[in-house]
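Heads up, the thing below is written out as structure tokens.
Protein chains: 2
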Amino acid sequence: MTYCVATLLDEGLVFLSDSRTNAGVDNISTFRKMSVFERPGDRVLVLMTAGNLAITQAVVSLLREDLGRAGAESTLYTTGNMSDAARCVGDAIRAVHKRDAATLKELGHDFSASFLLGGQIGDEVPRLLQIYAAGNFIEATRETPYFQIGEFKYGKPIIDRIVRPDTSLRDAAKCALISMDSTIRSNLSVGLPLDLAIYRRSSLKLELRRQINADDEYFQMVRSSWSLALRHAFTDLPDLPWV
Amino acid sequence: MTYCVATLLDEGLVFLSDSRTNAGVDNISTFRKMSVFERPGDRVLVLMTAGNLAITQAVVSLLREDLGRAGAESTLYTTGNMSDAARCVGDAIRAVHKRDAATLKELGHDFSASFLLGGQIGDEVPRLLQIYAAGNFIEATRETPYFQIGEFKYGKPIIDRIVRPDTSLRDAAKCALISMDSTIRSNLSVGLPLDLAIYRRSSLKLELRRQINADDEYFQMVRSSWSLALRHAFTDLPDLPWV
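Here the protein sequences come in this chain order: A and B.
Mapping of the first sequence onto numbering that gives the first Met the number 0: residues 0 to 242, in sequence order.
Mapping of the second sequence onto numbering that gives the first Met the number 0: residues 0 to 242, in sequence order.
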């Protein structure tokens, strides 16, 4: 499995992904789940993937190959808006589906893949979309300013409690790291290193892209301080009156 | 869905279950998931259920009918230890499986059901077991002193951080309520009222059995204070150094 989370804020976008892939618990590897398509001054797109690695890699490869192909109708570097960019991703998913889905089904495997695509193209506002295995998609709004894919449940409560559209980029990134820490602690299939990307509205270039390893001082501090703070908060909460 | 959690502590056992059942989001009802089999001075057994309601109700009914049936070989009131009690539950699951599984499968439904059984019989130590749809079971240990069934992921991180075998009954119950609150906030299929039961080691009677409704003052306080404490802890955590 994997865990990716992205938040759409007034200030911009925050993306965080883990890098663990497993085909059974005895077959664990490290693969990056985040791809960046950036042309500074024109557009920034960040794509995160979860699901069957052969499928998601094939989709990302197709998208990258299209960038350089003469005569490609619409690519992540040429589309005029984020909806069309999501359609590019959807078309790539459908191309992989057409090639592989029948064989996968024959062998008893689902065609499982999900994608988060966020960014800004030219004068458009920053947008965040979740693209399904069928190639269709939904878009984040002010009411639901974040999306998660993969092992999302462990890390959902803290995001539900903290993230609002007016949350700052810093706070949303801090919250994403706590959400990731909760997930890593409770689920073996999600693990370091992490990829963090932060995009500030209208800048048309990434403000930060950082790989976070086990020896990262800030993430180590988040992990230990958050645990301690939770235990203190727990202790401070009044006891049950009934026992 | 549903959410049930039970913890096995040096001081005894804590059980908490929600009461929401849904067959689709447009068909939500309230059914209790906790059954108590108690003969003060002799034994206390608490059974919690998750999965297909028709299956789990049929299992609990069988177990209750057996209690009064002349000639029933082994019932939850007569077994000499918790392993045999878990086998009673397993036998009841298998009886329901034998009757219903083929038809369910024909209609495209899984035989989904899981059970937590905890308590103490006579001189035995308190024990906690998780029983699967196949009727087999596993037992909680000092290394893994809690079990969850149903929508367990949202509420797992806080339990992983707090609960140890030497946690007090009060603290384990408080932690279970926080875990339940996190689950209820993030998942519509888990809801009030809750059933809380607390058993103190060697007492051979329940110390507390309480239904917790939306107007319960302590649970309301837990919900609001915990949210506030988390937000404070979040604010106190140092900011990202990279932005």
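Beta carbons are placed, not taken as given, at the ideal position from N, Cα and C, and that holds for glycine.
Query	Result
Identity of the residue in 4/A, 122/A, 170/A nearest residue 202/A by Cα	122/A
Within chain B, partners of residue 243/A - CB distance below 8 Å	The structure shown does not extend to residue 243/A, since chain A spans only 0 to 242, so no value can be given for it.
4-residue-minimum alpha helix (DSSP H) runs that sit fully inside the region 16 to 96 of chain A, ordered along the chain	52 to 67
Element boundaries [alpha helix (DSSP H), containing residue 171/B]	168 to 185
Within 9 Å, strictly: CB atoms of residue 58/B and residue 92/B	yes
Min CB distance residue 150/A to chain B below 9 Å	yes
For residue 235/A and residue 228/B, believed in contact at Cβ under 8 Å, the rounded distance	7 Å
Short Cβ contact (9 Å threshold) for residue 49/B with residue 99/B	no
Residue 22/A versus residue 32/A: straight-line alpha-carbon distance, rounded	16 Å
Boundaries (first-last residue) of the alpha helix (DSSP H) holding residue 233/B	216 to 235
Three-state secondary structure (DSSP) of residue 159/B	helix
Among 40/B, 170/B, 3/B, 134/B, the one whose alpha carbon lies nearest that of residue 119/B	40/B
Own chain residues within Cβ distance below 7 Å of residue 136/B, not counting five before or after	85, 89, 128, 129, 130
Nearest to residue 194/A (by Cα), restricted to the options 66/A, 211/A, 149/A	211/A
Assigned secondary structure, residue 100/B (DSSP; H/G/I helix, E/B strand, else coil)	helix
Cβ of residue 155/B within 9 Å of any chain A Cβ	yes
Beta-carbon contacts of residue 139/A that lie in its chain and below 7 Å, excluding the five residues immediately before and after	7, 127, 145, 146
Neighbour flag for residue 217/B against chain A, beta carbons, 9 Å	yes
Proximal chain B residues relative to residue 233/A, where beta-carbon distance stays under 9 Å	157, 160, 161, 170, 173, 174, 177, 225, 228
Bridge-paired residues (DSSP) for residue 122/A	Residue 122/A is not bridged to any residue.
Three-way DSSP call (helix, strand, coil) for residue 142/A in this model	coil
CA-to-CA distance, residue 11/B to residue 30/B, given in whole angstroms	26 Å
Positions along the region 179 to 206 of chain B whose CB lies within less than 7 Å of some CB in chain A	181, 184, 185, 197, 206
Collapsed DSSP secondary structure at residue 105/B in the structure displayed	helix
Meets three-Cβ-pair contact criterion under 8 Å: the region 149 to 165 of chain A and the region 176 to 183 of chain A	yes
Interfacial residues, the region 12 to 26 of chain A to chain B, with Cβ spacing under 9 Å	none
Cut-off 6 Å between Cβ atoms - residues of its own chain near residue 2/A, not counting five sequence neighbours on either side	17, 149, 150, 182, 189
Among 204/A, 230/A, 225/A, 223/A, nearest to residue 36/A - alpha-carbon criterion	204/A
According to DSSP, residues forming a beta bridge with residue 114/B	48/B, 130/B
Where residue 276/B meets chain A, residues with beta-carbon distance less than 9 Å	The shown model of chain B, from 0 to 242, leaves out residue 276/B, and the question about it has no answer.
Proximity test, Cβ basis, 9 Å: residue 38/B and chain A	no
Contact with chain A by residue 249/B, beta-carbon distance below 9 Å	Nothing can be reported for residue 249/B: it is not among the residues displayed for chain B, which extend from 0 to 242.
Status (buried if at least 16 other CB within 10 Å, exposed otherwise) for residue 101/A	exposed
Which of helix, strand or coil DSSP assigns to residue 198/A	strand
Residue 164/A vs residue 200/A beta-carbon contact at 9 Å	no
Cutoff 9 Å: residue 209/B Cβ touching any chain A Cβ	yes
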